[in-house]
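A.B. asks: Heads up, the sequence shown is in numbering that gives the first Met the number 0, so the first residue is 0 and it goes up one at a time.
Glycine included, every Cβ here is placed at the ideal spot set by N, Cα and C.
The structure displayed is predicted, hence computed values, not measured ones.
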Amino acid sequence: MLFQTTQRILLGPGTFSRLGTEAARLGARRVLLVSDPGLVTAGLPARAAEILSGSGLSITLHTDVEPDPGIETALAAARAAIAADADLVVGLGGGSAMDVAKVAAIASVNGLDLALMFGTDLVPRPGLPTILVPTTAGTGSEVTPISILSDHTEKLKKGIVSPYLLPATAIVDAELTVGVPPAVTAASGMDALLHAVEAFTSRNASPMSDLFATKAISLISANLRTAYADGSNIRARAAMSEGSMLAGIAFANAGVTAVHAFAYPIGAEFHIPHGVANSIMMGPVLAFNAIGNLDRFGTVATALGADTNGLSSREAAMKALAMMEELADDVGVPRRLAPFGVTADDIPRLSASVMTVTRLLANNPRRLTVDDAERLYRAVL
Ligand SMILES: NC(=O)c1ccc[n+]([C@@H]2O[C@H](COP(=O)([O-])OP(=O)(O)OC[C@H]3O[C@@H](n4cnc5c(N)ncnc54)[C@H](O)[C@@H]3O)[C@@H](O)[C@H]2O)c1
Ligand SMILES: [Fe+2]
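1) Considering only their Cβ atoms, is the gap separating Val379 from Ala186 smaller than 9 Å?
2) Suppose you measure from the CA of Pro181 to the CA of Gly230; what does that come to, to the nearest Å?
3) State the start and end residues of the unbroken alpha helix (DSSP H) segment that holds Ser57.
4) Would you call Met0 buried or exposed, if buried means 16 or more other Cβ atoms sit within 10 Å of its Cβ?
5) Under 9 Å between the Cβ atoms of Ala382 and Gly254?
6) Within 8 Å, do at least three Cβ pairs link the stretch 233 to 244 to the stretch 266 to 275?
7) Report back the beta-carbon spacing between Ser146 and Leu164 to the nearest angstrom; my notes put them in contact at under 8 Å.
8) Please indicate yes or no: does the CB of Ser311 lie closer than 8 Å to some heavy atom of ligand 1?
9) Report yes or no: do three or more beta-carbon pairs, one from the stretch 36 to 53 and one from the stretch 16 to 23, lie closer than 8 Å?
10) Where does Ile271 sit, in a helix, a strand or coil, going by DSSP?
11) Is Ile58 closer than 9 Å to Val102 when the C-beta atoms are compared?
12) To the nearest angstrom, how far is the alpha carbon of Ser220 from that of Ala198?
13) Along the chain, where does the beta strand (DSSP E) containing Ala169 start, and where does it finish?
14) Identify every residue that forms a DSSP beta bridge with Pro133.
15) From the DSSP output, in three-state form, read off Thr357 for me.
16) In angstroms with no decimal places, state the Cα-to-Cα distance between Leu25 and Asp329.
17) Let me check one thing: in DSSP terms, what residues is Gly331 bridge-paired to?
18) Assuming Ala249 contacts Ala215 (C-beta within less than 8 Å), just tell me the rounded distance between them.
19) Within this structure, are the beta carbons of Ile233 and Val177 separated by less than 9 Å?
20) Should Gly55 be labelled buried (16 or more other beta-carbon atoms within 10 Å of its own) or exposed?
21) Look up Thr72 in the DSSP assignment and say whether it is helix, strand or coil.
22) Quick one: residues in its chain with C-beta nearer than 6 Å to the C-beta of Arg193, no 5 flanking neighbours on either side, listed in chain order?
23) Between which residues of its own chain and Ala212 is the CB-CB distance below 6 Å, once the five residues before and five after are set aside?
24) Would you say the beta carbon of Gly274 comes nearer than 8 Å to a heavy atom of ligand 2?
25) Taking the alpha carbon of Asp412 as the reference point, which residue from Thr40, Leu9, Leu32 has its own alpha carbon closest?
26) Put Ile290 into one of helix, strand or coil per three-state DSSP.
27) Tell me whether Ala73 counts as near ligand 1, meaning its Cβ is closer than 8 Å to at least one heavy atom of that ligand.
28) Within 10 Å of its beta-carbon, does Glu141 have 16 or more other beta-carbons around it, so buried, or fewer, so exposed?
29) Using DSSP's beta-bridge definition, name the partner residues of Val30.
30) Just the Cα atoms here: how many angstroms apart are Ala22 and Asp98?
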């Protein structure tokens, strides 16, 4: 078993104020601050710049990042880091801004030919140090050695996986998530829940990843409805931020499975937000997977808060799936593909694409054929 995570994690409301001292602790002088336009509107990069300059650092702000960012976006951020002669990259945002910050930090040291780095352990050297500050409770990118970029030419989402992508420091402050709009709260929260459930049911699950996964499932399932209904509820927001980070630690080590594999092609081609794409695929894919490990799926029901006394493991597993679907419905996350423009004609191409996501399918508790993939996409058309 290998277990790795971010070396230094500051967790809790108010920790954002320590960004400047954490940057100074790393010996930084010139910071590239990566964020996105939605966060500029929310005023968060301006607050980060104020805190950093209070610690005597000079800041170059780079906010040209779109949701589900493309390869070109990450390259532009790397060029900005080089031009600014940055010695630290701070990623402030959801998974999109954090993933771009992570790639900017490695590419500014290893060169801009990202094609050489997609895959596992292909980044030659450590990059610039990073501090990652999530503003959604979803991806857990602040604790994962992963960065996901969209390849618009091949219509695929591609991952760079390397321990050099782990940040030096993560600052997880739920106060930053208070302004997240309800639809983003819902979609990113479902993404986090699926990280935990897929990590727990992965073939690579370990006793350590299980600890993080089960705690994450409990925190997220008990708090997502409240965070969605009342974004200013700091207790629910804090539980969601903690849960999404714990889910990130779980899947960084155990991996995610076929739900994420099915979400990638539809995300890349039809621009369905990542958490929505996962929620759409969740029902049929987890029902398909469940017989691969009924005991584990049954334990998911317990972590979700169900009373499974007297239930068979199959009944408990089905209870878990029903509870997750109820949660997605309560927070208004779509569960069909057709409204996003996907038609029956697209399914053979999307299914072929799923079969190429071997990095995730290798973790899946049930083997899957291209015919299965077509059937599972059809089930949610
Ligand atoms: N690296 C990883 O381990 C990992 C894991 C899962 C997903 N991802 C990737 O992360 C991306 C999705 O990230 P996400 O779900 O966090 O969404 P996101 O980063 O794309 O953000 C979604 C929207 O919410 C806005 N927003 C974010 N925080 C806000 C705040 N506090 N106030 C107001 N608006 C705010 C952003 O401006 C943006 O418009 C995808 O590209 C996905 O593939 C990465
Ligand atoms: Fe995800």
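C.D. replies: Judging by the given coordinates:
1) In this structure, Ala186 lies away from Val379, with their beta-carbon atoms at least 9 Å apart.
2) Gly230 has its alpha-carbon roughly 7 Å from the corresponding atom of Pro181.
3) No alpha helix (DSSP H) contains Ser57, which is instead part of the beta strand (DSSP E) from 57 to 61.
4) Only exposed fits Met0, as fewer than 16 other CB atoms lie within 10 angstroms of its CB.
5) Any answer about residue 382 is impossible in this case: the structure gives the chain only from 0 up to 380.
6) Segments in contact, no.
7) Right, the Cβ-Cβ distance comes to about 6 Å (below 8 Å), so this counts as a contact.
8) Relative to ligand 1, even the nearest heavy atom lies 8 Å or more away from the CB of Ser311.
9) Contact holds: three or more Cβ-Cβ distances are below 8 Å.
10) Of the three classes helix, strand and coil, the one that applies to Ile271 here is coil, per DSSP.
11) The answer is no: Cβ separation not under 9 Å.
12) Rounded to whole angstroms, the separation of the alpha carbons of Ala198 and Ser220 is 16 Å.
13) Annotation for Ala169: the continuous beta strand (DSSP E) segment containing it runs 168 to 171.
14) Among the bridge pairs identified by DSSP, Pro133 is matched with Gly92.
15) Reduced to three states, the DSSP call for Thr357 is helix.
16) Answer to the nearest angstrom: the Cα atoms are 43 Å apart.
17) Paired residues: none, contrary to the question.
18) Indeed, because the Cβ distance is near 6 Å, the residues count as touching under 8 Å.
19) Taking the C-beta atoms as reference points, Val177 is found nearer than 9 Å to Ile233.
20) Gly55 sits exposed, since fewer than 16 C-beta atoms from the chains shown fall within 10 Å of its C-beta.
21) Of the three classes helix, strand and coil, the one that applies to Thr72 here is helix, per DSSP.
22) Rather than Arg, the amino acid found at residue 193 in this sequence is Leu. Val258, Asn277, listed in sequence order.
23) Excluding sequence neighbours, Ala212 sits near Ala195, Ala198, Phe199, Ala249.
24) The answer is yes for Gly274.
25) This structure cannot settle anything about residue 412, because the visible part of the chain is limited to 0 through 380.
26) For Ile290, the secondary structure class from DSSP, reduced to helix, strand or coil, is coil.
27) No, the beta carbon of Ala73 sits no closer than 8 Å to any heavy atom of ligand 1.
28) So Glu141 counts as buried.
29) Partner(s): Ile58, Leu87.
30) Those two C-alpha atoms are separated by around 19 Å.
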